[in-house]
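Chemist: Quick one: structure below, then a few questions.
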Amino acid sequence: MTTSTSTMQVSAGILIVGLGGNNGVTLLAGQVANRCNLSWETATTGRISANWFGCLTQIPPRGVYGGVGFQGRIPGLANANDAVVGGWDIRPTKLGQALYDCRVLEPDLVRQVREEMDKTEIMAGVWDPSFIGESQHETATHVVTGEDNLSTRTRVERIRRDIRSWKEKNSVNGHITVIWSASVERPSAAEYKSPEDLLSAIYDDSNDDDISPSILYAVAAALEGCSFVNGGSQNTLSPAMTCLYDQSYRKPDAPSSSALSKFAPYSASRAYCLGTDYKAGQTKFKTAAVEYLRALGLSPRVIASSNHLGNNDMLNLTTKKTLDAKMRVKSDIFGPWQEKDLDHKVSVMYCPYIGDEKRDFVEYTSLGFLGSPHTMVTYTRCMDSILCVPLMVDAAIWCDYFVNQSVSAGDAARATAYLFKVPEGEAKGSDPGFFYQMKELEDVLEKTSSGEEKGDVIALGVSKGIITEEQAAALKGLASK
Numbered sequence: 001m002t003t004s005t006s007t008m009q010v011s012a013g014i015l016i017v018g019l020g021g022n023n024g025v026t027l028l029a030g031q032v033a034n035r036c037n038l039s040w041e042t043a044t045t046g047r048i049s050a051n052w053f054g055c056l057t058q059i060p061p062r063g064v065y066g067g068v069g070f071q072g073r074i075p076g077l078a079n080a081n082d083a084v085v086g087g088w089d090i091r092p093t094k095l096g097q098a099l100y101d102c103r104v105l106e107p108d109l110v111r112q113v114r115e116e117m118d119k120t121e122i123m124a125g126v127w128d129p130s131f132i133g134e135s136q137h138e139t140a141t142h143v144v145t146g147e148d149n150l151s152t153r154t155r156v157e158r159i160r161r162d163i164r165s166w167k168e169k170n171s172v173n174g175h176i177t178v179i180w181s182a183s184v185e186r187p188s189a190a191e192y193k194s195p196e197d198l199l200s201a202i203y204d205d206s207n208d209d210d211i212s213p214s215i216l217y218a219v220a221a222a223l224e225g226c227s228f229v230n231g232g233s234q235n236t237l238s239p240a241m242t243c244l245y246d247q248s249y250r251k252p253d254a255p256s257s258s259a260l261s262k263f264a265p266y267s268a269s270r271a272y273c274l275g276t277d278y279k280a281g282q283t284k285f286k287t288a289a290v291e292y293l294r295a296l297g298l299s300p301r302v303i304a305s306s307n308h309l310g311n312n313d314m315l316n317l318t319t320k321k322t323l324d325a326k327m328r329v330k331s332d333i334f335g336p337w338q339e340k341d342l343d344h345k346v347s348v349m350y351c352p353y354i355g356d357e358k359r360d361f362v363e364y365t366s367l368g369f370l371g372s373p374h375t376m377v378t379y380t381r382c383m384d385s386i387l388c389v390p391l392m393v394d395a396a397i398w399c400d401y402f403v404n405q406s407v408s409a410g411d412a413a414r415a416t417a418y419l420f421k422v423p424e425g426e427a428k429g430s431d432p433g434f435f436y437q438m439k440e441l442e443d444v445l446e447k448t449s450s451g452e453e454k455g456d457v458i459a460l461g462v463s464k465g466i467i468t469e470e471q472a473a474a475l476k477g478l479a480s481k
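The working numbering puts the first residue of the sequence shown at 1, with every later residue one more than the last.
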């Protein structure tokens, strides 16, 4: 998975917490297939060639008016084929075997990528059994133990060492994004008013605060100058966490009395924390559908939805403590629209036979002219990982691009709000409509390309035609040494 730095190719890094899960192995398999230009036989549609469909950062614009994709349209946008992918998992199963076991992709494709995927190292995961469902405990045998697991401080330091070691071993010279794609955790009861309070609690070896593993990964990522994306439903992100990612807090000259100084050396580089919970399938369409109903002038009154599947993520949700976290984000998606008369109901069911193929049914009832009812129904079937992986790729590529362009944390959050059920940080409470959110992305990109944001001078040189992308890659390679 490593790209040689002798070619001066700048490689973004993608570190996945839960690398051996369905999303992680599907992403890795997709990258291998695209990088190697593979093709494979399918049972229903004949021979298929590798592609990045669904990844807006990786597909080109098409149609008379453009739109749809950004690859080739936005100078400096990374190619996912060149990214370096790694991560952690609490299960030791080799990744090629995990891909075979999850039954997401066609057997002929699995056969072609399995051996290479098995070579990818899986780092042992930090875990706390109290935060995930009991169904996950038996297989959690690849976990951090010993002195690295004595306290929240030692766990954070272990994750930081993992990041640094992985970066050096794989010659990653671009921005790294850490993505939470592990099982949904129960909500953490720990609350902090500031990053100082958060870091102080983690540093105190005697503390017994209810700090989740996802919080530890997010803190470690910030201290190493990596972005963090919360793809789960739990409450990892908070105002204190957002402030930790602010460069004005992570200054190189932090006072020796500060909690931050206790974690020195740390990175003062720009990074983002984004989330929460990928808006991949049913929820993304629901916001687009309700946006459509509102555009017609109708008054939405009832949205009754159900979805069922049988993957490990849904198995984890059979425990009430983790289900509560998922239902929180699924129920909150329409909040900013303030539709006070809307009755929104969500039901999720674990059906092992269905595997990763999510099936959802939604009925929308609204009031039209003179109170006449208007009802429509949608039914969707798709592999859950096929919906989620493109969002993981886009999140990492956007983080890399926005860091290189010196885009503010607020603009990065607003530009990527379309990826999440409940946008956090400065995107919190933003319009949930999918088309509105895509306009926000376009506005930030326009602002960046017009120079309103202080951009990377190398990327600016490419956009102005002064240097080629190959020359820009060589310059960035030199600058990172």
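For glycine and all other residues, C-beta sits at the position ideal for the given N, C-alpha and C.
Tell me the rounded alpha-carbon separation between I122 and A264.
Modeler: The straight-line gap from Cα to Cα measures roughly 27 angstroms.
Chemist: Please name the residue, chosen from Q97, L296, I59 and A413, that lies closest to S366 on a Cα-to-Cα basis.
Modeler: Closest option to S366, Cα to Cα, is L296.
Chemist: Which one of R103, S194, P187 and C226 has the shortest CA to CA distance from D162?
Modeler: Ranking the options by Cα distance to D162, first place goes to C226.
Chemist: How many Å lie between T3 and T375 at the Cα?
Modeler: Because the pLDDT at T3 is just 37, under 50, the model does not fix this residue reliably, and the value given afterwards should be weighed accordingly. Rounded to whole angstroms, T3 to T375 spans 53 angstroms at the Cα level.
Chemist: I'd like to know whether the C-beta of I90 is nearer than 7 angstroms to at least one C-beta of chain D.
Modeler: In summary, chain D is missing from the structure at hand, where a single protein chain is found.
Chemist: Apart from the five residues on each side of it in sequence, which residues of its chain come closer than 6 angstroms, Cβ to Cβ, to A412?
Modeler: The answer, listed in chain order, is Y272 and F402.
Chemist: Taking buried to mean at least 16 other C-beta atoms within 10 Å of its own C-beta, is I466 buried or exposed?
Modeler: I466 is exposed by the Cβ-count criterion.
Chemist: Can you give the Cα-Cα distance for V219 and Q437, rounded to whole angstroms?
Modeler: C-alpha separation (whole angstroms): 28 angstroms.
Chemist: In chain order, what residues of the same chain have a beta carbon less than 8 angstroms from the beta carbon of A289, not counting five sequence neighbours either side?
Modeler: So the qualifying residues of the chain are V362, Y364, M376 and T378.
Chemist: What does the alpha-carbon distance come out to for the pair G174 and E168?
Modeler: If I take the Cα positions, the gap works out to 12 angstroms.
Chemist: Does A415 come out as helix, strand or coil in the three-state DSSP assignment?
Modeler: The answer is helix: DSSP assigns A415 an H, G or I state.
Chemist: Would you tell me roughly how many angstroms separate the C-alpha atoms of D356 and G21, rounded to the nearest one?
Modeler: Approximately 11 angstroms between the Cα atoms of the pair.
Chemist: Is T141 closer than 7 angstroms to D148 when the C-beta atoms are compared?
Modeler: No, the Cβ-Cβ distance between D148 and T141 is not below 7 angstroms.
Chemist: Output yes or no for whether 7 angstroms exceeds the beta carbon distance between T283 and K421.
Modeler: For T283 and K421, yes; Cβs fall inside 7 angstroms.
Chemist: Classify C36 as buried or exposed, calling it buried when 16 or more other Cβ atoms lie within 10 Å of its own Cβ.
Modeler: It counts as exposed.
Chemist: Please report how far the alpha carbon of S406 lies from the alpha carbon of E442, in whole angstroms.
Modeler: Whole-angstrom Cα-Cα distance: 17 angstroms.
Chemist: Please report the distance separating the alpha-carbon of L99 from that of P300.
Modeler: C-alpha separation (whole angstroms): 41 angstroms.
Chemist: Compute the Euclidean distance between the alpha carbons of E440 and C388, then round it to the nearest angstrom.
Modeler: Computed Cα separation, rounded: 21 angstroms.
Chemist: Nearest by alpha-carbon distance to L95: which of L105, L109, P107 and M117 is it?
Modeler: Taking only the C-alpha atoms, the option nearest L95 is M117.
Chemist: Within the segment 265-302, note down every full beta strand (DSSP E) run reaching 3 residues or more, in order along the chain.
Modeler: Taking only runs of at least 3 residues, the beta strand (DSSP E) segments lying wholly in the segment 265-302 are 273-275.
Chemist: Write down the C-beta distance between T198 and L150 rounded to the nearest angstrom, noting that I regard them as a contact closer than 8 angstroms.
Modeler: This sequence places Leu at residue 198; Thr is not what is there. Rounded, the Cβ-Cβ distance is 19 angstroms, inconsistent with contact.
Chemist: Since S135 and D82 should fall inside the 8 angstroms C-beta cutoff, what is the C-beta to C-beta distance between them, to a whole number of angstroms?
Modeler: So it is not a contact: roughly 37 angstroms between Cβ atoms.
Chemist: Report the CB separation of V444 from A409 in whole angstroms; it is logged as a contact under 8 angstroms.
Modeler: At roughly 12 angstroms, the Cβ-Cβ gap does not stay under 8 angstroms, so V444 and A409 are not in contact.
Chemist: Under the assumption that V17 contacts S181 (Cβ atoms under 8 angstroms), give the Cβ distance between them as a whole number of angstroms.
Modeler: Yes, V17 and S181 are in contact; Cβ-Cβ is about 6 angstroms, under 8 angstroms.
Chemist: Please name the residue in E224, E157, V172 and T242 whose C-alpha comes closest to that of I202.
Modeler: Cα-wise, what sits closest to I202 is E157.
Chemist: Quick one: what's I179 bridged to in DSSP?
Modeler: Note: I179 sits in a beta bridge opposite I16 and V229.
Chemist: Applying the 10 Å Cβ sphere with the 16-neighbour rule, what's the burial state of F53?
Modeler: Exposed, since its Cβ has fewer than 16 Cβ neighbours within 10 Å.
Chemist: I'd like to confirm the pairing. Which residues does DSSP put opposite F420 in its beta bridges?
Modeler: For F420, which the question treats as bridged, DSSP gives the partners Y278.
Chemist: Leaving aside the five residues before and after N207 along the sequence, list all residues of the same chain whose C-beta is less than 6 angstroms from its C-beta, in chain order.
Modeler: For N207, where only same-chain residues beyond five positions count, the Cβ hits under 6 angstroms are A201.
Chemist: Going by DSSP, what residue range makes up the beta strand (DSSP E) through V348?
Modeler: Unbroken beta strand (DSSP E) run through V348: D343 to Y350.
Chemist: Give me, in chain order, the residues of the same chain whose beta-carbon lies closer than 8 angstroms to that of W398; leave out the 5 immediate sequence neighbours on both sides.
Modeler: Around W398: T57, A412, A415 and T416.
Chemist: On the CB-based measure, 16 or more other CB atoms within 10 Å of its CB, does T26 come out buried or exposed?
Modeler: Buried, by the Cβ-count rule.
Chemist: Quick one: any contact between the segment 336-351 and the segment 256-270, if contact means 3 or more CB pairs under 8 angstroms?
Modeler: Counting Cβ pairs under 8 angstroms, fewer than three are found: no touch.
Chemist: Does DSSP put I59 in a helix, in a strand, or in coil?
Modeler: In this structure, I59 counts as coil in the three-state DSSP scheme.
Chemist: Return the CA-CA distance between G46 and P107, expressed in angstroms with no decimal places.
Modeler: Cα to Cα, the separation comes out at about 13 angstroms.
Chemist: I think R270 touches E224, with their Cβ atoms under 8 angstroms apart; what is that distance to the nearest whole Å?
Modeler: With a Cβ gap of about 13 angstroms, R270 and E224 do not count as contacting.
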